[in-house]
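Residue numbers (the UniProt record's numbering), protein chains in the order written: chain E, 1 to 133; chain H, 1 to 133.
Heads up, the beta-carbon is just placed ideally off N, CA and C, and yes, glycines get one too.
First up is the structure itself, then whatever we jot down about it.
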DNA sequence: CGGCATCCAAACTGATACTG
DNA sequence: CAGTATCAGTTTGGATGCCG
């Protein structure tokens with residue numbers, strides 16, 4: 001019973017396969033940086049501050065497997081490897097760009113909400129016990 | 001040096017704060033299922049097959065902290081807790097819906113790419129040794 | 001029912017060394 | 001340069017039991 005309305009996410013729902021594969025921050029960031037043009041491994045790494053070489057390798061391989069990125073070995077010495085977004089990967093740009101635009105637009109609201117939440121935690125009750133004085 | 005072009009993601013770039021917080025599959029799925037209306041904890045859990053209670057609790061808290069979801073305790077017995085998408089959270093729907101639509105539209109292409117990739121791995125070279133017959 | 005505490009196993013990190 | 005491999009240390013995950 002592949003229950004696949006957007007109101008429910010069975011683990012056998014086709015959309016889940018993709019949520020599990022590409023809905024993560026590194027995949028999204030890689031596709032965004034590769035949109036500007038092909039990049040070599042370390043060039044990608046430099047642009048994604050904080051990513052480990054292991055995580056990046058895994059993520060690039062997964063993107064390659066899913067047909068969103070292509071990997072091309074340039075047989076010079078020392079060897080160079082270039083990663084390029086595929087036409088299929090490029091069709092993912094509009095949704096990602098929309099997400100990116102949302103983030104830039106709503107960041108202040110999110111930060112305000114976060115500060116309000118943290119303040120609520122610090123003073124959890126209106127009948128707070130005044131430990132000071 | 002808050003390097004914040006979309007071509008590069010410094011860890012101190014504001015957009016990174018949001019990529020780190022909401023660009024994960026559970027957050028996205030929660031916001032999609034809550035779009036239809038408020039839901040109680042276990043109702044959300046049932047709709048996200050495979051999520052653990054621990055992961056769901058963490059994720060809902062993070063969404064609450066970021067102002068995308070609100071949490072309301074209904075003091076009946078046994079206690080009920082209702083999660084509702086906030087107006088801010090609702091503004092995230094268009095980007096997420098776009099992503100969801102992309103997944104449904106391009107799933108066949110991705111699956112084809114995946115199979116091609118896996119086949120390439122199984123027979124890595126064109127000068128393959130014919131072990132059979 | 002919602003969700004926190006606990007325990008253990010699995011995954012990930014960061015550093016470093018090694019290869020083609 | 002672009003990886004793979006390894007190892008110790010930390011984080012995360014799943015499973016279970018308990019509480020209001």
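Problem - DSSP state of residue 36 of chain H mapped onto helix, strand, coil - result: Residue state, collapsed to three classes: coil.
Problem - Per-residue DSSP class, three states only, for residue 111 of chain E - result: DSSP places residue 111 of chain E in helix when its eight states are reduced to three.
Exercise for the section: Pick out the complete beta strand (DSSP E) segments inside the stretch 21-81 of chain H, 3 residues or longer, and give them in chain order. Expected result: Counting whole runs of 3 or more residues, the stretch 21-81 of chain H contains the beta strand (DSSP E) stretches 69-74.
Problem - Exposure of residue 120 of chain H, with buried meaning 16 or more beta-carbon neighbours within 10 Å - result: With fewer than 16 Cβ atoms within 10 Å of its Cβ, residue 120 of chain H is classed as exposed.
Problem - Proximal chain H residues relative to residue 91 of chain E, where beta-carbon distance stays under 8 angstroms - result: Here the neighbours are 102, 106.
Problem - DSSP beta-bridge partners of residue 83 of chain E - result: BP columns for residue 83 of chain E point to E:39, E:71.
Practice task
Return no unless some Cβ of chain E is closer than 8 angstroms to the Cβ of residue 94 of chain H.
Solution key: Residue 94 of chain H has a beta carbon lying within less than 8 angstroms of a beta carbon in chain E.
Exercise for the section: Give a yes or no on whether the C-beta atoms belonging to residue 138 of chain E and residue 69 of chain E are separated by under 8 angstroms. Expected result: Since the first and last residues shown for chain E are 1 and 133, residue 138 of chain E lies out of range.
Practice task
Give every residue of the same chain whose Cβ lies closer than 8 angstroms to the Cβ of residue 35 of chain H, excluding the five residues on either side of it in the sequence, and list them in chain order.
Solution key: So the qualifying residues of the chain are 85, 90, 93.
Handout entry: Counterpart residues of residue 9 of chain H in DSSP-defined beta bridges
Key = BP columns for residue 9 of chain H point to E:48.
Practice task
With a 10 Å radius around its C-beta and 16 neighbouring C-beta atoms as the bar for buried, classify residue 54 of chain H as buried or exposed.
Solution key: Under a 10 Å Cβ-count criterion, residue 54 of chain H is classified as exposed, with fewer than 16 other Cβ atoms of the shown protein chains found around its own Cβ.
Problem - Alpha-carbon spacing of residue 62 of chain E relative to residue 113 of chain H, whole angstroms - result: Using only the alpha carbons, I get a separation of about 11 angstroms.
Handout entry: Distance between residue 48 of chain E and residue 33 of chain E (C-alpha atoms, nearest Å)
Key = If I take the Cα positions, the gap works out to 9 angstroms.
Practice task
Just mark residue 73 of chain E as buried or exposed, buried being the case when its beta carbon has 16 or more other beta carbons within 10 Å.
Solution key: Looking at its Cβ environment, which holds fewer than 16 other Cβ atoms inside 10 Å, residue 73 of chain E is exposed.
Exercise for the section: Report the three-state DSSP secondary structure of residue 92 of chain H (helix, strand or coil). Expected result: DSSP, read as helix, strand or coil, puts residue 92 of chain H in coil.
Problem - Anticipated Cβ contact below 8 angstroms, residue 109 of chain H with residue 37 of chain E, distance rounded - result: In this structure residue 109 of chain H does not touch residue 37 of chain E by the C-beta definition: roughly 23 angstroms separates them, more than the 8 angstroms allowed.
Practice task
Examine chain E for any beta-carbon lying closer than 8 angstroms to the beta-carbon of residue 45 of chain H, and answer yes or no.
Solution key: Residue contact with chain E for residue 45 of chain H: absent (no Cβ-Cβ distance below 8 angstroms to any residue of chain E).
Exercise for the section: Using the Cα positions of residue 10 of chain H and residue 43 of chain E, report the straight-line distance between them to the nearest angstrom. Expected result: C-alpha separation (whole angstroms): 13 angstroms.
Handout entry: CA-to-CA distance, residue 106 of chain E to residue 104 of chain H, given in whole angstroms
Key = About 27 angstroms.
Practice task
Check the Cβ-Cβ distances between residue 79 of chain H and every residue of chain E, and say whether any is below 8 angstroms.
Solution key: Not closer than 8 angstroms to any Cβ of chain E, the Cβ of residue 79 of chain H fails to qualify, so no.
Handout entry: Outcome for residue 22 of chain E when other beta-carbon atoms lying within 10 angstroms are tallied against a minimum of 16
Key = That one is buried.
Problem - residue 28 of chain H versus E:26, E:64, E:16, residue with shortest Cα-Cα distance - result: Check the Cα spacing between residue 28 of chain H and each of E:26, E:64, E:16: the tightest is with E:16.
Practice task
Please decide whether residue 66 of chain H counts as near chain E, where near means a Cβ-Cβ distance under 8 angstroms.
Solution key: Closer than 8 angstroms to some Cβ of chain E, the Cβ of residue 66 of chain H qualifies, so yes.
Exercise for the section: Please list, in chain order, all residues of the same chain as residue 40 of chain H whose beta carbon is under 8 angstroms from its beta carbon, the five residues on each side excluded. Expected result: The beta carbon of residue 40 of chain H is closer than 8 angstroms to those of 80, 81, 82, 83 in its chain, skipping five residues each way along the sequence.
Exercise for the section: State the DSSP-derived secondary structure class of residue 132 of chain E, mapped to helix, strand or coil. Expected result: Caution is warranted here: a pLDDT of 45 is assigned to residue 132 of chain E, below 50, making its placement in the model unreliable, and no coordinate value can be reported.
Exercise for the section: Compute the beta-carbon to beta-carbon distance between residue 117 of chain H and residue 65 of chain E, rounded to the nearest angstrom, for a pair I have assumed lies under 8 angstroms. Expected result: Contact between residue 117 of chain H and residue 65 of chain E holds, with the beta-carbon distance rounding to 4 angstroms and staying under 8 angstroms.
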